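Asker:
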Amino acid sequence: MTIFEEVKELVDVPTAARHYGVELHRGNMALCPFHMERHPSCKLYDDHYYCFGCQAHGDVIKLVQELFGLKPIEAVKQLNSDFGLGLDVDKPPDMEAVNRRRREIAERKAEKARVEHMYDVLLRYFTLLDKYRMLYVPTSPDEETDKRFVYALQNIGYAEYLLETFNRTDVVGQQEIKMEVDRIEREYKRILDEWGE
Ligand SMILES: [Zn+2]
């Protein structure tokens with residue numbers, strides 16, 4: 557693994573762009589730093605960028621080269637120091653340290669995916685109950701109350717509480733309600749199978 561590959565693995569394009577003052581909009585679109593424009597047309601992916609306006613493109617090293625007018629190795633040195641990567645640019649990389657950092661990056665990504673999934677579960681559950689509550693509200697006093705309506709009334713407060721707790725807390729707090737979210741996921745599947753949307 558070369559120092560170039562290593563830097564690319566450690567710093568993704570959106571993170572570097574943001575660090576150097578490129579403002580990110582929806583869907584990781586940015587005002588292109590390489591041509592004048594009023595609407596963002598430069599798309600930032602994790603491992604590269606591409607401008608639909610001027611066709612500028614490249615990886616994180618190219619981005620830094622173009623932003624600051626540097627040679628590739630200078631861009632690597634700049635990323636190394638700006639992001640505190642601690643790489644020895646003049647020596648071949650220590651593979652053990654590289655692998656350790658790789659694992660850390662993989663773990664962070666997996667963690668992020670887990671948290672996103674939990675939020676998704678809570679939001680889908682809340683949305684379904686909200687739908688039941690609106691859709692099956694009794695319209696006359698002698699009508700038998702729909703069980704979906706009853707269920708929604710009984711559980712929506714708690715669903716909302718979980719969503720708020722989840723949004724307010726940090727990753728540690730989110731992990732603490734993991735078991736409850738798992739239960740909600742099973743419950744969501746159960747009522748969806750039984751009653752539909
Ligand atoms: Zn452009």
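According to the working numbering, the residues represented by the sequence shown are 557 to 753, in order.
Note that CB positions come from ideal geometry on N, CA and C, so glycine has one too.
All values derive from a computational prediction rather than experimental measurement.
Name, in chain order, the residues that DSSP records as bridge partners for Lys668.
Answerer: Position 112 of the sequence shown, counted from the start, is the residue given in the question as residue 668. Per DSSP, none; premise fails for Lys668.
Asker: If you reduce the DSSP assignment to three classes, tell me which class Gly614 lands in.
Answerer: If you number the sequence shown from 1, residue 614 lands on position 58. Strand.
Asker: Closest to Thr695 by C-alpha separation, out of Asp686, Lys687, Phe705, would be which residue?
Answerer: Within the sequence shown, the letter at position 139 stands for residue 695. Nearest of Asp686, Lys687, Phe705 to Thr695, Cα basis: Phe705.
Asker: Are the beta-carbon atoms belonging to Ala586 and Leu619 less than 8 Å from one another?
Answerer: The count along the sequence shown starts at 1 and reaches residue 586 at position 30. The count along the sequence shown starts at 1 and reaches residue 619 at position 63. Cβ atoms of Ala586 and Leu619: not closer than 8 Å.
Asker: DSSP three-state label for Tyr601, please.
Answerer: Against the sequence shown, residue 601 aligns to sequence position 45. Residue state, collapsed to three classes: coil.
Asker: Regarding Gly577 and ligand 1, is the C-beta to nearest heavy atom distance less than 7 Å?
Answerer: Position 21 of the sequence shown, counted from the first residue, corresponds to residue 577. Incorrect: Gly577 has no Cβ contact closer than 7 Å to ligand 1.
Asker: For ligand 1, I want to know if Gly609 counts as a neighbour, meaning its beta carbon is within less than 7 Å of at least one of the ligand's heavy atoms.
Answerer: Residue 609 sits at position 53 when you count from the first residue of the sequence shown. Yes, the beta carbon of Gly609 sits closer than 7 Å to at least one heavy atom of ligand 1.
Asker: Applying the 10 Å Cβ sphere with the 16-neighbour rule, what's the burial state of Met674?
Answerer: Along the sequence shown, read from residue 1 onward, the residue named residue 674 stands at position 118. Met674 comes out buried.
Asker: Is the separation between the beta-carbon of Leu635 and that of Val616 shorter than 8 Å?
Answerer: Mapped onto the sequence shown, residue 635 falls at position 79. Mapped onto the sequence shown, residue 616 falls at position 60. Against a cut-off of 8 Å, the Cβ pair of Val616 and Leu635 comes out as a contact.
Asker: Can you tell me which of Arg659, Leu600, Arg574 puts its alpha carbon nearest to the alpha carbon of Glu565?
Answerer: Locating residue 565 in the sequence shown gives position 9, where the first residue counts as 1. Of the listed residues, the one whose Cα sits closest to Glu565 is Arg659.
Asker: Measuring alpha carbon to alpha carbon, tell me which of Arg739, Asp726, Val563, Ile747 ends up nearest Asp644.
Answerer: Stepping through the sequence shown from its first residue, residue 644 is reached at position 88. For Asp644, the nearest C-alpha among the options comes from Val563.
Asker: For the pair the region 676-686 and the region 730-744, tell me if three or more CB-CB distances fall below 8 Å.
Answerer: Yes, the region 676-686 is in contact with the region 730-744.
Asker: Reducing DSSP to helix, strand and coil, say where Met735 ends up.
Answerer: For this step, residue 735 is matched to residue 179 along the sequence shown. In the structure shown, Met735 sits in a helix (DSSP, three-state: H, G or I).
Asker: Kindly provide the ranges of any alpha helix (DSSP H) runs that are 4 or more residues long and lie completely inside the region 652-722, ordered along the chain.
Answerer: Correct list: empty.
Asker: Closer than 7 Å: is that where the CB of His673 sits relative to any heavy atom of ligand 1?
Answerer: Reading the sequence shown from its first residue, position 117 is the one you call residue 673. No, since every heavy atom of ligand 1 falls outside the 7 Å radius drawn around the Cβ of His673.
Asker: In three-state terms, what does DSSP make of Tyr606?
Answerer: In the sequence shown, residue 606 corresponds to position 50, counting from 1. Strand.
Asker: Let's see if you can read the secondary structure: which residues bound the alpha helix (DSSP H) around Val569?
Answerer: Taking the sequence shown and counting its residues from 1, the one referred to as residue 569 is at position 13. Per DSSP, Val569 belongs to the alpha helix (DSSP H) from 569-575.
Asker: Might you give, ordered along the chain, the residues of its own chain that have their beta carbon closer than 7 Å to the beta carbon of Val693, omitting 5 neighbours on each side?
Answerer: Translated into positions along the sequence shown, residue 693 becomes position 137. If we look at Val693 and ignore the five residues flanking it on each side, its Cβ neighbours are Phe705.
Asker: Got a sec: does ligand 1 put a non-hydrogen atom nearer than 7 Å to the Cβ of Ala586?
Answerer: In the sequence shown, residue 586 corresponds to position 30, counting from 1. Not so, every heavy atom of ligand 1 lies at least 7 Å from the Cβ.
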